[in-house]
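Participant: Take a look at this one; I'll ask things after.
Number of protein chains: 2
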Amino acid sequence: MMKKSLTRAEAAEFLRSHDNFTLLSHRRPDGDTVGSTAALCLGLRQLGKTAHVLHNDEVTDRFAWLHEGLTKAAAEEGDTLVSVDVASPSMLPKAFAPLADKIALRIDHHGSSTSFTPLELVDPISASCAELIWDLLEALEVRPDRAIAQAVYVGTSTDTGCFRYSNTSAHTFAVAAKCAQAGAGVYELNQELFETNTLARLKMQAWMVDHMKLLGGGKLALCAIPRAVEEELGVTQDDMDNISSFPRTVAGVCMAATLRENGEGDSKLSVRAIPGYDATAVTEKFGGGGHKGAAGAFLHLPLAEAAAAVEKALVEEA
Amino acid sequence: MMKKSLTRAEAAEFLRSHDNFTLLSHRRPDGDTVGSTAALCLGLRQLGKTAHVLHNDEVTDRFAWLHEGLTKAAAEEGDTLVSVDVASPSMLPKAFAPLADKIALRIDHHGSSTSFTPLELVDPISASCAELIWDLLEALEVRPDRAIAQAVYVGTSTDTGCFRYSNTSAHTFAVAAKCAQAGAGVYELNQELFETNTLARLKMQAWMVDHMKLLGGGKLALCAIPRAVEEELGVTQDDMDNISSFPRTVAGVCMAATLRENGEGDSKLSVRAIPGYDATAVTEKFGGGGHKGAAGAFLHLPLAEAAAAVEKALVEEA
Chain A
1163 MMKKSLTRAE
1173 AAEFLRSHDN
1183 FTLLSHRRPD
1193 GDTVGSTAAL
1203 CLGLRQLGKT
1213 AHVLHNDEVT
1223 DRFAWLHEGL
1233 TKAAAEEGDT
1243 LVSVDVASPS
1253 MLPKAFAPLA
1263 DKIALRIDHH
1273 GSSTSFTPLE
1283 LVDPISASCA
1293 ELIWDLLEAL
1303 EVRPDRAIAQ
1313 AVYVGTSTDT
1323 GCFRYSNTSA
1333 HTFAVAAKCA
1343 QAGAGVYELN
1353 QELFETNTLA
1363 RLKMQAWMVD
1373 HMKLLGGGKL
1383 ALCAIPRAVE
1393 EELGVTQDDM
1403 DNISSFPRTV
1413 AGVCMAATLR
1423 ENGEGDSKLS
1433 VRAIPGYDAT
1443 AVTEKFGGGG
1453 HKGAAGAFLH
1463 LPLAEAAAAV
1473 EKALVEEA
Chain B
1163 MMKKSLTRAE
1173 AAEFLRSHDN
1183 FTLLSHRRPD
1193 GDTVGSTAAL
1203 CLGLRQLGKT
1213 AHVLHNDEVT
1223 DRFAWLHEGL
1233 TKAAAEEGDT
1243 LVSVDVASPS
1253 MLPKAFAPLA
1263 DKIALRIDHH
1273 GSSTSFTPLE
1283 LVDPISASCA
1293 ELIWDLLEAL
1303 EVRPDRAIAQ
1313 AVYVGTSTDT
1323 GCFRYSNTSA
1333 HTFAVAAKCA
1343 QAGAGVYELN
1353 QELFETNTLA
1363 RLKMQAWMVD
1373 HMKLLGGGKL
1383 ALCAIPRAVE
1393 EELGVTQDDM
1403 DNISSFPRTV
1413 AGVCMAATLR
1423 ENGEGDSKLS
1433 VRAIPGYDAT
1443 AVTEKFGGGG
1453 HKGAAGAFLH
1463 LPLAEAAAAV
1473 EKALVEEA
């Protein structure tokens, strides 16, 4: 398949000259894919287009409100399919997999990603897909209203860990300023997304402080969380959102791996690393991928064996 | 004393027409007072003025680097004294108290503050003093270099809890964008200021999760931390920086009070509240003050008695 890599202006032209858009988000959807699809959908509707977000039943309570009034249950013949923040076909929810080869345009910011669509707008410098969507909407001369601004703010802030990760740039702050200017309830969103942890989440963090394994003179951290502990502490999926960023916040830790049981005999690995360390070097050993700062993989191993394998990989790669 | 409330332009004119500046920060100095004094000092020097920050021995390791090369040990006859982020004379370090009535200009952003200088530039809307200093430096046509940008970024980010508190505005993000543009190492600063917690700090948070008292149906939280626990966990002053923001992050908590023993029989109270709740309503009962979202007081009571008094005040005011 010939891959055509578009500029923002070219992608805007594609959107202007098409209609009946159905936007696809990724599996285990985060704030960026949900916020970005919502913002793009709202922007296209403002231009008079018919646009929907394809209903993704993996969207959690934390982000579901963003898609309210925007979804449809299934793609239809003649829809222009656009994926947003989807790094590869395997990142689509299972239910969307049959649509992978029908997607016309891929909008993404993942550097380590797969070209699988005829057209793509990919900017690996963009800290979030949401910033890229904001640029695109500006190119389309969409008027940024509060709903669009809120959606972009959610994407931008979550993908930068509220402006703390190494991907945060001057452009990130500039977009956040414009979102605030356009009426995004920044404080309320921050509270909801970052500043509020349930007691269950805090107890989970307390458990991790007590059980994490520090290796490599304190530069590496490994946390393997049994499902039984999650159940005992009563954490929800939203509570566990971004839990893998927690061990890396321990002073001195350069790379941290978190393992969780997915309930089907597999262990989900998440690795976070500071600049100078490469999380993908660890995840690629297990068939995964991601960014240097944040990467993941699925291990078809029970937790204890997965932990042993990951410990070995961590020490080798650090 | 006639108090003249200046605009930014008038304050800039005052600075242009004076020299031999000595800048004063506040007691228990935070990132804002240290960053703001540093930025103003560097800006004035860029304009060819003689300027120093008065050495404040309460500045912790976390922020001391900002004042490197900028301090002098004592104010001299003929110095133009300017206080930055000082809400009242009682907020000056003990060593600076004799200078209170010699300060020519007060630059501040605290709404609930005391006019105690002949001239003042006070903007209660500004989330941090640092943003105000940035505006002032722009008015003075100072070229924002990396050192100035870093100092302002530290002030802006710390006083907004890395853009999370309710004081965060579009202007806050716009200033952060300009700091990033001017070369501030935003990621490294964020890591240093926010993303890195020692194991000791994390263990303190874990202790607080286990010992905090929730009242008022979970809307109020009270944490009284004995010095013995701080010693046992080995936390430093930097580790305890902003510890009082932690209990308020529990989902559902609207107002949270934290008490620490200061080692001299007193208990230091910090109250944090979400919009709709007023932290000063609690602290004023004990002769303290601050902002609606964040306020403090010193109680001349041992910890247990202080906790009982604060619990009563919390429940009354909520």
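Going down the list, the sequences are from chains A and B. With the first letter of the first sequence counted as 1, position 164 gets the number 1326 in the numbering used here; the numbers rise by one all the way through. With the first letter of the second sequence counted as 1, position 165 gets the number 1327 in the numbering used here; the numbers rise by one all the way through. Cβ atoms here follow ideal geometry from the backbone N, Cα and C, with glycine treated the same way. This one's a predicted model, so the numbers in the text were calculated from it and none came from an experiment.
1. With respect to the alpha helix (DSSP H) encompassing residue 1412/A, which residues constitute its N-terminal and C-terminal limits?
2. Considering Cα atoms alone, identify which of 1449/B, 1351/B and 1460/B is closest to residue 1316/B.
3. Expressed to the nearest angstrom, what Euclidean distance is found between the alpha-carbon atoms of residue 1402/B and residue 1395/B?
4. Taking 9 Å as the CB-CB limit, is residue 1361/A close to chain B?
5. State yes or no: is the beta carbon of residue 1208/B nearer than 9 Å to at least one beta carbon in chain A?
6. State the start and end residues of the unbroken alpha helix (DSSP H) segment that holds residue 1467/B.
7. Starting from residue 1299/B, trace the alpha helix (DSSP H) in both directions and tell me its first and last residue.
8. Can you tell me which of the three DSSP states residue 1263/A falls into?
9. Between residue 1238/A and chain B, is the shortest Cβ-Cβ distance under 9 Å, so that the two count as touching?
10. Residues of chain B with CB closer than 8 Å to the CB of residue 1412/A, please, in chain order.
11. Is residue 1186/B near residue 1243/B, with beta carbons less than 9 Å apart?
12. How should residue 1427/B be labelled, buried or exposed, when 16 other C-beta atoms within 10 angstroms of its C-beta is the threshold for buried?
13. Hey, does residue 1381/B have any beta-carbon neighbour from chain A nearer than 9 Å?
14. For residue 1384/A, I'd like the list of residues in its chain whose CB is within less than 6 Å of its CB, leaving aside the five on either flank, ordered along the chain.
15. Along the alpha helix (DSSP H) that carries residue 1319/B, what are the first and last residues, could you check?
16. Just to confirm, are residue 1321/B and residue 1194/B a CB contact at a threshold of 9 Å?
17. Compare the C-alpha of residue 1196/B against each of 1247/B, 1238/B, 1179/B and 1184/B and name the closest.
18. Tell me, please, whether the CB atom of residue 1286/A is closer than 9 Å to any CB atom in chain B?
19. Under 9 Å between C-beta atoms, does residue 1278/A make it to chain B?
20. Going by the beta-carbon positions, is the gap between residue 1453/B and residue 1441/B smaller than 9 Å?
21. With 16 other CB atoms within 10 Å as the buried threshold, where does residue 1481/B fall?
22. Compare the beta carbon distance of residue 1183/A and residue 1166/A with 9 Å and say whether it is the shorter of the two.
23. Roughly how far, in whole angstroms, is the beta-carbon of residue 1245/A from the beta-carbon of residue 1279/A, given that I think they are within contact range, below 8 Å?
24. Go to residue 1459/B, then tell me how far its beta strand (DSSP E) extends in each direction, as first and last residue.
25. Give me the DSSP bridge partner(s) of residue 1359/B.
26. Within a Cβ cutoff of 7 Å, which residues of the same chain sit near residue 1456/B, ignoring the five residues on either side of it in sequence?
27. Mind checking residue 1371/B: buried by the 16 CB within 10 Å criterion, or exposed?
28. Assuming residue 1307/A and residue 1338/A make a contact with CB atoms under 8 Å, what is their CB distance in whole Å?
29. Check whether the Cβ of residue 1353/B sits closer than 8 Å to any heavy atom of the ligand SAM, and report yes or no.
Facilitator: So, from the data block:
1. One-based indexing of the first sequence puts residue 1412/A at position 250. Note, residue 1412/A: premise wrong, no alpha helix (DSSP H); not H, not E.
2. Position 154 of the second sequence, counting from 1, holds the residue named residue 1316/B. The shortest Cα separation from residue 1316/B among 1449/B, 1351/B and 1460/B belongs to 1351/B.
3. Stepping through the second sequence from its first residue, residue 1402/B is reached at position 240. Stepping through the second sequence from its first residue, residue 1395/B is reached at position 233. Between residue 1402/B and residue 1395/B, the C-alpha separation is close to 11 Å.
4. Within the first sequence, numbered from 1, the residue matching residue 1361/A stands at position 199. With respect to chain B, the C-beta atom of residue 1361/A has a partner C-beta closer than 9 Å.
5. The sequence position of residue 1208/B within the second sequence is 46, counting from 1. Output row for residue 1208/B: interface = no.
6. In the second sequence, counting from the first residue as 1, residue 1467/B sits at position 305. First-last of the alpha helix (DSSP H) with residue 1467/B: 1465-1479.
7. Sequence index remark: in the second sequence, residue 1299/B carries index 137 (1-based). Here the alpha helix (DSSP H) through residue 1299/B covers 1291-1301.
8. Residue mapping note: residue 1263/A aligns to position 101 of the first sequence, counting from 1. If DSSP states are grouped into helix, strand and coil, residue 1263/A belongs with the helices.
9. Numbered from its first residue, the first sequence carries residue 1238/A at position 76. Judged by the 9 Å Cβ criterion, residue 1238/A is not in contact with chain B.
10. Sequence index remark: in the first sequence, residue 1412/A carries index 250 (1-based). At a beta-carbon threshold of 8 Å, the residues of chain B lying near residue 1412/A are 1358, 1359, 1360, 1361 and 1364, ordered along the chain.
11. Taking the first residue of the second sequence as position 1, residue 1186/B is located at position 24. Taking the first residue of the second sequence as position 1, residue 1243/B is located at position 81. Result yes, Cβ atoms of residue 1186/B and residue 1243/B sit closer than 9 Å.
12. As a working note, residue 1427/B is residue 265 in the second sequence. Answer is exposed; the Cβ neighbour count stays below 16.
13. Walking along the second sequence from the start, residue 1381/B turns up at place 219. Between residue 1381/B and chain A, the shortest Cβ-Cβ separation is not below 9 Å.
14. Position 222 of the first sequence, counting from 1, holds the residue named residue 1384/A. Cβ neighbours of residue 1384/A beyond the five flanking positions: 1375, 1419 and 1473.
15. By 1-based counting over the second sequence, the position of residue 1319/B is 157. Residue 1319/B -> alpha helix (DSSP H) spans 1308-1321.
16. By one-based count along the second sequence, residue 1321/B stands at place 159. By one-based count along the second sequence, residue 1194/B stands at place 32. Contact: yes.
17. Position 34 of the second sequence, counting from 1, holds the residue named residue 1196/B. For residue 1196/B, the nearest C-alpha among the options comes from 1247/B.
18. The residue you call residue 1286/A lines up with position 124 of the first sequence. Interface with chain B (9 Å Cβ-Cβ cutoff): residue 1286/A is excluded.
19. Numbered from 1 along the first sequence, position 116 holds the residue referred to as residue 1278/A. By this cut-off, residue 1278/A is not an interface position.
20. Here residue 1453/B refers to the residue found at position 291 when the second sequence is read from its first residue. Here residue 1441/B refers to the residue found at position 279 when the second sequence is read from its first residue. Against a cut-off of 9 Å, the Cβ pair of residue 1441/B and residue 1453/B comes out as a contact.
21. Outside the shown range of chain B, which is 1163 to 1480, sits residue 1481/B, and nothing can be said about it.
22. Counting from 1 along the first sequence, the entry for residue 1183/A is found at position 21. Counting from 1 along the first sequence, the entry for residue 1166/A is found at position 4. Taking 9 Å as the cut-off, the beta carbon of residue 1183/A is found no closer than this to the beta carbon of residue 1166/A.
23. On the first sequence, residue 1245/A is found 83 positions in, with the first residue counted as 1. On the first sequence, residue 1279/A is found 117 positions in, with the first residue counted as 1. That belief holds up - the Cβ atoms of residue 1245/A and residue 1279/A are roughly 7 Å apart, short of 8 Å.
24. Against the second sequence, residue 1459/B aligns to sequence position 297. Its beta strand (DSSP E) spans residues 1456-1461.
25. By one-based count along the second sequence, residue 1359/B stands at place 197. 1412/A.
26. Counting from one through the second sequence, the residue named residue 1456/B turns up at place 294. Contacts found: 1434 and 1441.
27. Here residue 1371/B is taken as the residue at index 209 of the second sequence, counted from 1. Residue 1371/B counts as buried, since no fewer than 16 other beta carbons sit within 10 angstroms of its beta carbon.
28. Here residue 1307/A corresponds to residue number 145 of the first sequence, with the count starting at 1. Here residue 1338/A corresponds to residue number 176 of the first sequence, with the count starting at 1. So it is not a contact: roughly 16 Å between Cβ atoms.
29. In the structure on display, the ligand SAM does not appear, and there are no ligands present to speak of.
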